[in-house]
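Asker: Residue 732 in the UniProt record's numbering sits at position 732 of the sequence shown; the count goes up by one each step and never skips. For glycine and all other residues, C-beta sits at the position ideal for the given N, C-alpha and C. Just so we're clear, the structure is a prediction, and the values are computed from it rather than from any experiment. This is the structure, below, for whatever I ask next.
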Amino acid sequence: MGQAITKRNVLSPTVHFVVCSDTAERRDSRAELRRSSLYSTIDLVPQLEHYASTIPRHQAKSRPSLEVLRKAFEVRNAKQKKSTEGEVPPNPKGKAPIRFGWVVGVMVRCMLNIWGVIMFLRLSWITSQAGVVLTWVIIFMSVVVTTVTALSISAIATNGRVISGGTYFLISRTLGPEIGAPIGMIYSFGNALACALNTIGFSEVVRDLMQDLDVVVVDSINDVRIVGVVTVTILMCITVAGMEWEYKVEGTCQQHFIFFLITVSNFTFFVLIFFRLRCDIFVENLTPSFRGPKGDFFQMFAIFFPAATGILSGANISGDLKVSYADLLRLPGACVVRDASGNMSDMISANSSDGCIGLACKLGWNFTHCIQSQSCQFGLANSVMGQISGYYYLITAGIFAASLSSALGFLVSAPKVFQCLCKDQIYPYIIFFAKGYGKNNEPLRAYVLCYLIAVTFIIIAELNTIAALISNFFLCSYSLINFSCFHASIVNSPGWRPSFRYYSKWASLFGAVISVILMFLFTWWAALVTFCIIFSLFGYVNYKKPNMNWGSSVQAGTYNMALSYSVSLTNVDDHVKNFRPQCLVLTGPPNQRPALVDFVGCFTKHASLMICGDIVMEQDRKTRPNNTTDVLVKWLNKRKVRSFYTPFIGDNLRTGAHHLLQASGLGKLKPNTLVLGFKANWRDSAPDTIEDYINTIYDSFDSNYCLCILRMMDGLDTDSSYTFVDGFKDIQRFQRFEAYQSQDFALLAAADMSDEDNSDQIKTVFQNDQGKKTIDVYWIADDGGLTLLVPYLLTRRKRWRRCKVRVFIVGDEQNEEEGRKEMITLLKRFRLNVNDVIVMTDSEKRPQAKSLTRFVDSVAPFRLYDEQQEGALVQEQRENAPWKISDKELEVFRLKSERKIRLNEIIRKNSHHTALVLVSLPVPHRDCPCALYMAWLDTLTCGLHCPAVLIRGNQQNVLTFYCQ
1 MGQAITKRNV
11 LSPTVHFVVC
21 SDTAERRDSR
31 AELRRSSLYS
41 TIDLVPQLEH
51 YASTIPRHQA
61 KSRPSLEVLR
71 KAFEVRNAKQ
81 KKSTEGEVPP
91 NPKGKAPIRF
101 GWVVGVMVRC
111 MLNIWGVIMF
121 LRLSWITSQA
131 GVVLTWVIIF
141 MSVVVTTVTA
151 LSISAIATNG
161 RVISGGTYFL
171 ISRTLGPEIG
181 APIGMIYSFG
191 NALACALNTI
201 GFSEVVRDLM
211 QDLDVVVVDS
221 INDVRIVGVV
231 TVTILMCITV
241 AGMEWEYKVE
251 GTCQQHFIFF
261 LITVSNFTFF
271 VLIFFRLRCD
281 IFVENLTPSF
291 RGPKGDFFQM
301 FAIFFPAATG
311 ILSGANISGD
321 LKVSYADLLR
331 LPGACVVRDA
341 SGNMSDMISA
351 NSSDGCIGLA
361 CKLGWNFTHC
371 IQSQSCQFGL
381 ANSVMGQISG
391 YYYLITAGIF
401 AASLSSALGF
411 LVSAPKVFQC
421 LCKDQIYPYI
431 IFFAKGYGKN
441 NEPLRAYVLC
451 YLIAVTFIII
461 AELNTIAALI
471 SNFFLCSYSL
481 INFSCFHASI
491 VNSPGWRPSF
501 RYYSKWASLF
511 GAVISVILMF
521 LFTWWAALVT
531 FCIIFSLFGY
541 VNYKKPNMNW
551 GSSVQAGTYN
561 MALSYSVSLT
571 NVDDHVKNFR
581 PQCLVLTGPP
591 NQRPALVDFV
601 GCFTKHASLM
611 ICGDIVMEQD
621 RKTRPNNTTD
631 VLVKWLNKRK
641 VRSFYTPFIG
651 DNLRTGAHHL
661 LQASGLGKLK
671 PNTLVLGFKA
681 NWRDSAPDTI
691 EDYINTIYDS
701 FDSNYCLCIL
711 RMMDGLDTDS
721 SYTFVDGFKD
731 IQRFQRFEAY
741 QSQDFALLAA
751 ADMSDEDNSD
761 QIKTVFQNDQ
771 GKKTIDVYWI
781 ADDGGLTLLV
791 PYLLTRRKRW
801 RRCKVRVFIV
811 GDEQNEEEGR
821 KEMITLLKRF
831 RLNVNDVIVM
841 TDSEKRPQAK
851 SLTRFVDSVA
861 PFRLYDEQQE
871 GALVQEQREN
881 APWKISDKEL
891 EVFRLKSERK
901 IRLNEIIRKN
911 SHHTALVLVS
921 LPVPHRDCPC
931 ALYMAWLDTL
941 TCGLHCPAVL
951 IRGNQQNVLT
961 FYCQ
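Rendered as structure tokens:
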């Protein structure tokens, strides 16, 4: 009871701390925040630091591991490591960086985009071309697209903390770097064009004012270019000065001046127009009147759409689009005729109305001349916002404020997005622009790049052309944003939990489709160029496969597809035409046996399943690093081997292999072939290790598995479990093997995982081009066809394509030609393209004396020699060494041994310079001693200077010449 009271007293401060509201105490000690739970003093209660990768101006923390918790009585103070997964580095002590609030940073930026150059300079012109009705349709369609996209943005943005990067960050963290990186490039470029668009709009107004004052620098077009370049240069200087300057310029202008200007100008605009409305003018302007070669509905739509791109600055005010524009186009359309000359002398006298064209004739004006010559400088077809407002220069001041502030905002946002893309280091040649300067991490290099792009398009000096291009880029971004929301919703990932609930995945899909359709309807060639760029960038990222894990919906979708297909495969019966050698390869750590990994990878890559099984002995588990699995998987990926890696802890080889044979795989994706490396040091090994090795072969046959055993004679085959080296080409590799043996695994793994240099990746013969060598197949026993299928799969690889397959069969001299023709016929029906068949007619001859002597010497250490000893002594030896070969057993299997010796002589004679030898593996009898069977395997493949494979199917057909 006393102990319980003590624990309660210790834990009581935790309860008081939770309900305490005194923030001063919480600032005094960070240790107070790391309270223990009820279970252990180091088992912490839930805290924000454990789930956030980084918190601004705070140090990231991590919870104690399970190992630390289990050793709580041994290790009282667990070391907390820093998280390395942060997106934003913690800010050093000092003055906090300048941040915009949601009013200045989001709402005002969005409203300024709406009240920008398109409204003041092009809305009346679009109304004159498309008419009031179709302009309403344009606005309605813009509202539909932007509203759906705004809902998608809201869902994605509330599904986790969004940092710098804007649209690129949303798409890349949702769909992954393959889609996000190309869109980041396109979106950054579109923002740079938007800066040029607003600058050109400002320059056009300045040019018009200069013409009113009879000031012309060069001409109409070049004056726009000169003013635009000077303006964007000044904005660039303000931007480079830092975020504080930009905050002062934009914040002061926006909050204290722009709203005042727009409010007053709109007030005078609406009040004055209210007294000028005419029904006949409104009816006349309802219908379209397209003019010029580019006068069509979708061209007008493309020029207008940039005014609807402000939702990327803030999704909460997308509904304002309708209120802002519908009134502004309806009122001018009801009080201004389409064309007017502005000349007071064009007034119609009482008797001179003949030949007058247009609605203005009824109002007492004759604009026929300028209408026919299309030289009217006034009217709805031109910018009339200033003329029909209460005060012309008030509208001009509003245009200046809105266009300059928007241009400044785009000049800042484009480099920020591009900097975020460069920091991810997806594309190699743009990392230069990732560097930031100052406390706000200003991307000065990206500022210069954006400035140069803006100047390039300002020189075009054509607002309509740039507006159409911007519409193309932003519609592409809208499409990907909507598709991101749809894809994240459809894959049912547990991580998709947006706080914003008022969205629909089908509405997002509709927004994605309609955005793509509008891209091609606006400017089809620009849409094609955009998608070609995106597909090229996508192909590059997909080929390079950057090492990034953002938990994207593509990963979740891949998991869903894999799971669905795996489950559906369980309902499909196996068929011989679909047989694939799905291999369980006992490699140990794969980087210790690269030859075995490369050999199996040659015929399983992109074709079938490969699992690298690593049987970890119980005594080695404690010395094995925790990150071994991750290191070995990365090694396989770096070697471009498509394989799974499965470690298993077992007491010995046979126990581990037996469990792997039963438990590996999933459904139909289950191994059917066991692949081993040959135990080359069997003569010097302990008897129990030989027995484990041979019993593993027995277990594979008992489990109805196919079997392959690879023996390397002139390559690399290392095995730390059995401490042998076979085929080392230089002393450096032997030293690396010694490092494996000394358990210096971490150092060697770090060397193998170096991305800058692949010299530590041991190259094997299976990675070389085999040229026009031969693959010799000794099809001694009919195993179902696996012995022929594996070499066929090898010849499908680029390195083995030019190799010629030769098939050796057993026969006699009398029926040699008949047997060869029968085999050729069978191979043609199998469609294996093998025409070289050799009949071995001397396979039953007695082997040479020196070969017999070599075999007898190899099994001599394992013989019992019981016929030369007394019965009691023999019985004692049998009990102490049951693995030894008795004289009777050696005599019983003498004929089988001689045939294998003779086969080896034939193989060495015919396959001296081949690329690969495949020999049918003999199936062992249950009463065959392990040492004797091991000697058979050694005899069949000894003396060769090329890789040799002992292979055996499970006696079921894997080849067929039928179509069904």
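With a CB to CB cut of under 8 Å and the five nearest residues on each side skipped, what residues in its chain are close to residue 795?
Answerer: If we look at residue 795 and ignore the five residues flanking it on each side, its Cβ neighbours are 775, 801, 803, 805.
Asker: Whole beta strand (DSSP E) runs in the region 551-608 with 3 or more residues, listed along the chain?
Answerer: DSSP runs (the beta strand (DSSP E)) wholly in the region 551-608: 583-586.
Asker: Within a Cβ cutoff of 6 Å, which residues of the same chain sit near residue 956, ignoring the five residues on either side of it in sequence?
Answerer: Hits under 6 Å: 784.
Asker: Using a threshold of 8 Å, state whether the C-beta atoms of residue 584 and residue 675 are closer than that.
Answerer: Yes; because the gap between Cβ atoms is below 8 Å, this pair is in contact.
Asker: Which one or two residues does DSSP pair with residue 478 in a beta bridge?
Answerer: DSSP output for residue 478 lists no bridge partner at all.
Asker: Reducing DSSP to helix, strand and coil, say where residue 461 ends up.
Answerer: DSSP places residue 461 in coil when its eight states are reduced to three.
Asker: Measuring CA to CA, which of 196, 668, 211 is closest to residue 570?
Answerer: Comparing Cα-Cα distances from residue 570 to each of 196, 668, 211, the minimum goes to 668.
Asker: Are residue 486 and residue 508 closer than 8 Å when you measure CB to CB?
Answerer: The answer is yes: Cβ separation under 8 Å.
Asker: Helix, strand or coil for residue 301? Go by DSSP, reduced to three states.
Answerer: It is helical.
Asker: Using the beta-carbon count (16 or more within 10 Å), is residue 946 buried or exposed?
Answerer: Result: buried.
Asker: Determine, using beta-carbon pairs with one atom in the region 812-832 and one in the region 878-887, whether at least three such pairs fall under 8 Å.
Answerer: In short, these stretches do not touch, since the Cβ pair count stays below three.
Asker: State whether the region 630-650 contacts the region 609-618, with contact taken as three or more CB pairs (one from each stretch) at a distance under 8 Å.
Answerer: Touching, yes.
Asker: Quick check: the Cα distance between residue 656 and residue 65, rounded to an integer number of angstroms?
Answerer: Near 28 Å, if we compare the C-alpha coordinates of residue 65 and residue 656.
Asker: In three-state DSSP terms, what is residue 841?
Answerer: Residue 841: coil per DSSP, three-state reduction.
Asker: If residue 550 and residue 591 are in contact, beta carbons under 8 Å, what's the gap, nearest whole angstrom?
Answerer: Between residue 591 and residue 550 the Cβ distance is about 28 Å, and since that is not below 8 Å, they are no contact.
Asker: For the pair the region 405-424 and the region 440-456, tell me if three or more CB-CB distances fall below 8 Å.
Answerer: Yes, since at least three Cβ pairs between the region 405-424 and the region 440-456 fall closer than 8 Å, the two stretches touch.
Asker: Could you check what DSSP says for residue 785 in three-state terms: helix, strand or coil?
Answerer: It is coil, neither helix nor strand.
Asker: Under the three-state reduction of DSSP, which class applies to residue 780: helix, strand or coil?
Answerer: Coil at residue 780, not helix or strand.
Asker: Mind reading off the beta-carbon distance from residue 581 to residue 917? Whole number of angstroms is fine, and I expect it under 8 Å.
Answerer: With 8 Å as the limit, residue 581 and residue 917 do not qualify as a contact, their Cβ atoms being about 18 Å apart.
Asker: DSSP three-state call for residue 948: helix, strand or coil?
Answerer: If DSSP states are grouped into helix, strand and coil, residue 948 belongs with the strands.
Asker: Do residue 530 and residue 138 have their C-beta atoms within less than 8 Å of each other?
Answerer: Not a contact, by the Cβ cut-off of 8 Å.
Asker: The beta strand (DSSP E) that contains residue 649, what's its start and end?
Answerer: Counting along the chain, the beta strand (DSSP E) containing residue 649 begins and ends at 644-650.
Asker: Output needed for residue 173: all residues of its chain with C-beta closer than 6 Å, excluding positions within five of it in sequence on either side, in chain order.
Answerer: The answer, listed in chain order, is 550.
Asker: Do residue 552 and residue 170 count as a contact pair if the criterion is CB distance below 8 Å?
Answerer: No; because the gap between Cβ atoms is not below 8 Å, this pair is not in contact.
Asker: By DSSP's criteria, residue 808 is part of a beta bridge. Which residues make up the other side?
Answerer: In the DSSP output, where bridge partners are listed per residue, residue 808 has 778, 838.
Asker: Evaluate the contact criterion for the region 673-693 versus the region 707-714: three or more CB pairs, one atom per stretch, below 8 Å.
Answerer: Yes, the region 673-693 touches the region 707-714.
Asker: Output the distance between the C-alpha atoms of residue 189 and residue 596, rounded to the nearest integer angstrom.
Answerer: For residue 189 and residue 596, the distance between alpha carbons rounds to 49 Å.
Asker: Is it buried or exposed, residue 951, if we count other Cβ atoms within 10 angstroms and call 16 or more buried?
Answerer: So residue 951 counts as buried.
Asker: Given this structure, state the Cα-to-Cα distance separating residue 628 from residue 608, to the nearest angstrom.
Answerer: Their Cα atoms are separated by approximately 25 Å.
Asker: Under 8 Å: do the region 459-475 and the region 211-225 share three or more Cβ pairs, one atom per stretch?
Answerer: Result yes; three or more Cβ-Cβ pairs closer than 8 Å.
Asker: Where does residue 914 fall in DSSP's three states?
Answerer: Residue 914 falls in the coil class under three-state DSSP.
Asker: So, are the CB atoms of residue 711 and residue 512 less than 8 Å apart?
Answerer: Contact: no.
Asker: Reducing DSSP to helix, strand and coil, say where residue 813 ends up.
Answerer: If DSSP states are grouped into helix, strand and coil, residue 813 belongs with coil.
Asker: DSSP three-state call for residue 409: helix, strand or coil?
Answerer: Of the three classes helix, strand and coil, the one that applies to residue 409 here is helix, per DSSP.
Asker: Using a Cβ cut-off of 8 Å (strictly closer), state whether residue 849 contacts chain C.
Answerer: In the displayed structure, chain C is absent; only one protein chain is listed.
Asker: Assuming residue 503 contacts residue 959 under a Cβ cut-off of 8 Å, what Cβ separation, rounded to an integer in Å, is found between them?
Answerer: That belief does not hold up - the Cβ atoms of residue 503 and residue 959 are roughly 54 Å apart, past 8 Å.
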